[in-house]
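A quick write-up on the structure given underneath.
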Amino acid sequence: MMSSAVISGFVLGALAPWLTRAVGARVHWLLAVLPAALFAYFAQFLPVIAAGESVRVASEWVPGLDVALSFYLDGLSLIFALLITGIGTFIVLYTGGYLHGHQQLGRFFLYLLSFMGSMLGLVLADNVITLFVFWELTSITSFLLIGFNHTAPRSRRAALQALVVTGGGGLALLAGLLIMASVAGTSELSEILSNPEVLTSSALYVPMTILVLLGAFSKSAQFPLHFWLPNAMEAPTPVSAYLHSSTMVKAGVYLLARMSPGLGGTELWFYALVIFGAATMLVGGFLAMRQSDLKLVLAYTTVAALGTLTMLIGLGGEYAFKAMALFLITHAFYKGGLFMVAGSIDHGTGTRDALSLGGLARPMPATFAVAVLLGLSMAGIVPFVGFIAKEVMYEATLHIGATALILVTAAAVLGNAFNVVAAGIVGLRPFLSAHKPTPHHPHEAPPSMLIGPIVLAALGVICGVGFPLTSEFVAAPVMASLNGLPVAEQAAGLYLWHGIKPPLILSIVTLALGALGFAFWPQMRAGIAAILKAIGWGPDRGYDQAVSGLERLAYAATRVQQTGYLRHYLMATFVVVAAFMLATLFAVGGLPTQFRVPTVYLTEVIALALLIGGAVVATIVYSRVAAVAAIGVVGYAVALLFLVFSAPDLAFTQFMVETLTVVILVLVLMRVPLEVSAFRARAGRLRDAAIAIAVGASISLVLLTTVQGPLDLRLSEYFIENSVPLAHGHNIVNVILVDFRALDTLGEIFVVTIAGLSCFGLVRLALSRRKAARAQLQPAHRTAAAESPGGDA
Amino acid sequence: MTYDLATIAPELFLLVSAMALLMLGAFRQGNPTGLVLSLATVATVITFVLVWLQPTARELAFGGLFVRDGFGNFMKGLILVGSSVSLIMAWRFIERENMSRFEFPVLMLFATVGMMMMVSANDLISLYIGLELQSLSLYVIAAFRRDTLRSTESGLKYFVLGALSSGMLLYGSSLVYGFAGTTNFNTLAEILQQAAQAGEAPSIGLIVGVVFVMAGLAFKVGGVPFHMWTPDVYEGAPTPVTAFFASAPKIAAMALFARVLMGPFAELVAQWQQVVVAISLLSMVLGALAAISQTNIKRLMAYSSIGHVGYALIGLAAGTEAGVRGLAVYMAIYLFMNLGTFAVILCMRQKDRMVENIDDLRGLSRTHPLMALAMGIFMFSMAGIPPLAGFFSKLYVFLAAIEAQLYTLAVVGVLSSVVGAFYYLRIVKLMYFDEPAESFDQPFGREMSLIMGAAGAITLLFFVFPSPIVSGAEAAAASLLAAAG
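Residue numbers (the numbering used here), protein chains in the order written: chain C, 242 to 1034; chain S, 510 to 994.
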């Protein structure tokens, strides 16, 4: 059943383009039935999970790899599943109004519903591979949705950037998950996490954790990888409301929360999450103040919120986990709602620039009411759930060790104050300040676009006032997932009124700071703009620099190793061979140790002198024919050596082959046009000499080391012993040729015969062509020359 | 002897078919190319069926020169798919591009026979003969368009570097023979095992010999630093030939690599593992990096193939059964993605001319939506993005590497696939988001659509039905390891 719940999104998505064509403009009411039904399906698990149980289903998937299609439902995944399906329902409805009459509405629904399925799969997956598959699917669907307006170059860039950052982080995550599964000996998360000691005591704990964090941080836009998220606002607003505030970007937070009982509790975990989380919270809030585009204000506060969640997971302990659970749902409610409000304003007026908006309360009363309610929850005012979340958060920061306490608490206050300002910018300013002219005459949003924000705003109140229920059904089960203890043991109590205690005082400070910031927002904007201009660099530019750096590196790599010249390829091959041999020598045998000069006879000296002389001449002469002849001398010298060491048959073969080679080479070279200028510069000659010497030296060293060891004489002894009894021959070489390896000899004869036949054929062809050419009385334009074979020998 | 002939029935059939087609081509009046090409395709298909029907039990033939086993059958099946699809892709191409000569399909068949011999080689001598039959045929095919400079140049480069590598392989083989006293794989394995049990260190001559053999094989698979020929040859050769080069010979060389290292030299794993790790690392990194700067799609595919070789070699570096299984799965999936991509490349024709620039794919989703979809699937899959087949092929080798505790290799592999993803995804962006370039000539031909469709379906739906490929690879790996153990 749970697998079908995940897959249903993809199935309906595939049908969506067709349904859109068939049903027409009201298709969103039909499509929204699926997420709503899924929401109902998951909602029925609430009492079960709150009672401390969990649900796991599994089926076979990839054989031999321990990859099962397994799903696991506990407090954390249930809350995520409810957010995904619940907000998904409203987003589908909202899209119907927002993209009313759009040409490619069907395609949009295809992407959107596929995304919903992927996201559900991600939060429900129990198997690490299954989790990763859905993780990357959310990146791909996000890519397609950001690039939906593909005529705009900015949205094309944003789409690719988001995919490179989140997809790349995903691959790091894969490495981390694989190592984790290999350390734990199973790839089911529920089993891996039930045994945290195995992970934390492993030698691979640090690389594994860093890789997982890299994945989570890139997906959840943690500083300094946050830049892709504001750029992703190029997507249509329903996408921003759904993927880039309430669901997909929380996948990283989900992963951190999921891993918390297994990887958490160490210093690395604490410092990495708290430092990056707090930095993200402050940077996000700070940059949000600089923006005037409503969507960008919300995008940067989303970055800040993701930082807050990361920080809370890192802090650990009962209060921080409770705060995380509450802030998770709070943020999803108000941020999803406010994005839809921003979209409605854009839709109703034609602009979403806060500076050119004002007085919308009168033409858009319903939107205004909803925006105020959502803004109050965001600012954290009694009795909204946002207030409770903020109180518990302060409780958590006040409960940590002495030194970090002040820093983290101050950061939290500042971060929340930024939130208050942002709530004012989006929730109040466009509606209340003096009326300004807008591109469209402002009009109220249609019902399909209002229903989502209304319900989300209402939930903000309901969860706040009904805090005992929030505690039982949200806080306790999520906390259980985070710390790995049973639900019943969670201290999940919540209070709307706590008495006048430090958290409340901090709340008042936050509000005061926020009000101050809102009042002086224009001045603050100017100040931040000046600071940013002074810095003049940001991670977004860093991304561009990294991409262009990569391209430059790629060009350099190509230029260096892919010149197109055969001689360079040959050079590289020889260098590598020499390096291989030297490396082998050092790795296994060491260098030769015995240098014994044997008694040398005059014949040997002559042969060697010829050999060396030939080689030297071949390298210094300017004529190719002379070089070929010199090489021939080398070959003859080798043959002489064979002769001296009593292998006349080998010597004879060598003489023949050498003669033929020289003749053929000269023949070919005479046909090839020779450019006299093709001589190398001095540096080139020196380089070639160095390579040649290196190869020769390494081969000599290898040979010296090799002959140092005892020669394996088994083979020679075998032939000596058996040549008379088995083959009745005394000349061992002859016996080998005609008896022991007779088949080889037969093969050689065969090859020579075929080569002879081919030569005959070619010569005849050349002759007949020449005859034909002469018959046509054409002058000596020898077509046969062009056809004559070069490499057939 | 008759029994031996039954063991090599598929090779024998293909070889005889090639000879018969050569005679047909030589003595038939008129231009017999179309007929020979069609018959050659049929011959590869029949050979495929024959391989399919072969028992998987291990069987030696011709005095231990030749071995037939599950591993060989699996790899031969892949090779034959590669050959037959490349032949089909050549049907229209050779007529259009004015290279309609009957020797072309015949040479393809000879090369295929060589590859099948390589896969089944159980002796350094038969290895060399198979390899050379393959290589010599391929040199000629690469330079088949003698009238174009690019084709002849690529053929010449391939020949010179190929001859050099064959020389290294031969030198290495002779060292091995000199120090071990045999060229037979089984005997070699036994000798090395006995030496290891007796606590003797392998002699340095033998190790140098193995290193030379590996250098030769690394050249044939196109692994860095023996990869230099690949981009030039891929770009210069006629496109169906490039498709062929990127599929069948790669698989054959990879299978041979695995058979040589996991069979006779299994005892020397400590020595060869470092070399394979080095080749694998360099190939992955360079393949990903250099691909970025390419503008020609065939050169891009060359670097892509270098990268894929690097990934497949991760499986071999692991030196375990799981590793060989990973390698087999990798090569199988690589084959389908690659053939599909080349089918798309072959359809890139404007005004009756082939175009090869990556930019020519701009806006393909609007001019040819289905073709763009297929190409998109191949690109996403090559980038290793789930749930497409390419992801699982990477997963299998990464897991094997982690089990063998080659963490660096796995992590570098993952990181270089990030870089790799960058250029594959750029093609997707080009096709889906950019303004359309000039539309391609229609019709593509039904066989092209069929190849694209089939390859796309296999790549896309692998995650639903993984077992045909995976269980085949599993049996193949088990049979290779059983022989070595």
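Even glycine gets a Cβ: it sits at the ideal position worked out from N, Cα and C.
Cα atoms of serine 958 (chain S) and alanine 938 (chain C): separation of roughly 56 Å, rounded to the nearest angstrom. Along the region 704-734 of chain S, the positions whose C-beta sits under 7 Å from a C-beta of chain C are Ser712, Ile713, Gly714, Ile716, Val717, Val720, Ala724 and Pro734, read in chain order. C:Ser941 is the residue among C:Ala1007, C:Phe1001 and C:Ser941 whose C-alpha sits nearest the C-alpha of glycine 714 (chain S). With 16 or more neighbouring CB atoms inside 10 Å of its own CB, asparagine 693 (chain S) falls in the buried class. Taking the beta carbon of lysine 938 (chain S) as reference, the chain C residues within 8 Å of it are Gly388, Arg397, Ala400 and Leu401, listed in sequence order.
Each residue's CA atom was taken as its position, placing asparagine 390 (chain C) and serine 396 (chain C) some 7 Å apart.
When 8 Å is used as the limit between beta carbons, threonine 994 (chain C) is near no residue of chain S, the shortest such separation being about 16 Å.
With a beta-carbon spacing of about 6 Å, leucine 556 (chain C) and alanine 637 (chain C) fall inside the 8 Å limit used to define contacts. In this chain, the beta strand (DSSP E) harbouring phenylalanine 575 (chain S) covers 575-577. Annotation: alanine 841 (chain S) to valine 303 (chain C) spans about 16 Å, alpha carbon to alpha carbon.
Here glutamate 301 (chain C) carries a strand assignment [DSSP, helix/strand/coil].
For glutamate 429 (chain C), no beta strand (DSSP E) run applies, since DSSP gives it neither H nor E. In this structure, DSSP gives valine 296 (chain C) an extended state, which the three-state scheme calls strand. Alanine 403 (chain C) and glutamate 475 (chain C) have their C-alpha atoms roughly 11 Å apart. Contact of valine 928 (chain S) with chain C by beta-carbon distance below 8 Å involves Leu791. Along the region 786-816 of chain S, going in chain order, the ones with a CB nearer than 8 Å to a CB of chain C are Leu795, Leu798, Ala799, Ala800, Ile801, Ser802 and Gln803. Interface annotation, phenylalanine 851 (chain S): not in contact with chain C, CB-CB separation never under 8 Å.
By alpha-carbon distance to leucine 901 (chain C), the top candidate from C:Gly525, C:Val885, C:Ala870 and C:Ile290 is C:Ala870. As computed with DSSP, glutamate 568 (chain S) is found in a beta bridge with S:Arg577. Of all residues in the region 873-886 of chain S, none places a beta-carbon less than 7 Å from a beta-carbon of chain C. Partner residues in the beta bridge of tyrosine 313 (chain C), as assigned by DSSP, are C:Arg297. In terms of Cβ geometry, methionine 357 (chain C) and glycine 250 (chain C) form a close pair [threshold 8 Å]. Its chain contains Val611 as the residues whose beta carbon lies nearer than 6 Å to that of isoleucine 695 (chain C), once the 5 sequence neighbours on both sides are disregarded; these appear in chain order. Under the 8 Å criterion on CB atoms, methionine 489 (chain C) is classed as non-interfacial with respect to chain S. Sequence-distant partners of aspartate 632 (chain S) (beyond 5 residues in either direction) whose C-beta falls short of 7 Å from its own C-beta, in its chain, are Gly573, Leu574, Thr692, Asn693 and Phe694. The contact set of isoleucine 290 (chain C) on chain S, defined by CB atoms closer than 8 Å, is empty, because the minimum CB distance reaches about 28 Å. One finds nothing in chain S with a Cβ atom closer than 8 Å to the Cβ of alanine 935 (chain C); even the nearest lies about 15 Å away.
Straight-line spacing of the CA atoms in proline 966 (chain C) and leucine 978 (chain C) works out to 16 Å.
The C-beta separation of threonine 968 (chain S) from phenylalanine 887 (chain S) comes to about 6 Å, placing the pair in contact by the 8 Å criterion. From the beta-carbon of glycine 505 (chain C), no residue of chain S is found nearer than 9 Å; the closest lies around 23 Å away. By the CB criterion at 8 Å, serine 674 (chain S) and glycine 732 (chain S) fall outside the cutoff. Burial is judged here by how many other beta carbons sit within 10 angstroms of a residue's own beta carbon; leucine 636 (chain S) has at least 16 and is buried.
Neighbours of tyrosine 810 (chain C) across chain S, judged by C-beta separation under 8 Å: Lys666, Leu670, Met737 and Trp738.
Nearest to glutamate 699 (chain S) by C-alpha distance, out of S:Glu776, S:Pro541 and S:Lys759, is S:Glu776. Under the three-state reduction of DSSP, arginine 871 (chain S) is assigned to coil, being neither helix nor strand.
Only Ile370, Phe373, Val374, Phe375, Trp376, Glu377, Leu378, Ser380 and Ile381 from the region 352-382 of chain C bring a Cβ to less than 9 Å from some Cβ of chain S.
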